[in-house]
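S.K.: For reference, the structure I am asking about is given below.
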Amino acid sequence: MSASGSLADQAVVHAYRHLYRQGLRTIRYATPGRHVLRSTLRTSFRSTPRDEFDPSRIANTLRFLERAADATGFEHKIVKNLLFARYWELPNIAKESRT
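Read in order, the letters of the sequence shown correspond to residues 8 to 106 in my numbering.
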């Protein structure tokens with residue numbers, strides 16, 4: 008593998024870690040939100056080809072998540088509702104309250 012390939016791989020890993028960490032701060036480490044966040048990020052990073060990696064999109068998303076973590080405003084409600092909707096779509100997360 009070339010040096011530029013490993014740098015690109017390292018950038019993708021760092022992007023994943025930054026998004027996950029900031030996402031956890033945004034949802035304040037709440038369960039099951041953290042499991043939905045992790046599952047969604049994993050799926051996104053595994054299904055998207057490496058050549059479509061765009062650092063500017065990652066930076067924009069991180070800024071959005073930072074604003075969502077700062078106050079319970081519009082951004083926080085968007086993240087909360089997205090994770091809530093995704094929670095009920097995911098079949099592999101245990102849902103104790105489901106009857």
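Ideal Cβ placement from N, Cα and C applies to all residues, glycine included.
1. Which whole-angstrom value describes the C-beta separation of residue 23 and residue 48, a residue pair presumed to lie in contact below a C-beta threshold of 8 Å?
2. Counting only the same chain and skipping the five closest in sequence on each side, list residues whose C-beta sits under 6 Å from that of residue 33.
3. Counting contacts by CB-CB distance shorter than 9 Å, is residue 96 in contact with chain D?
4. Looking at the structure shown, is residue 8 part of a helix, part of a strand, or coil, going by DSSP?
5. DSSP state of residue 58, grouped into three classes?
M.R.: Per the coordinate set shown:
1. 6 Å
2. Shown here for residue 33: same chain residues with a beta carbon closer than 6 Å to its own, the five before and five after excluded, namely 72, 75, 76 and 86 in chain order.
3. This model lacks chain D altogether; it includes just one protein chain.
4. Model confidence at residue 8 stands at a pLDDT of 46, short of 50, so the residue's coordinates are unreliable and nothing is read from them.
5. Helix, per DSSP.
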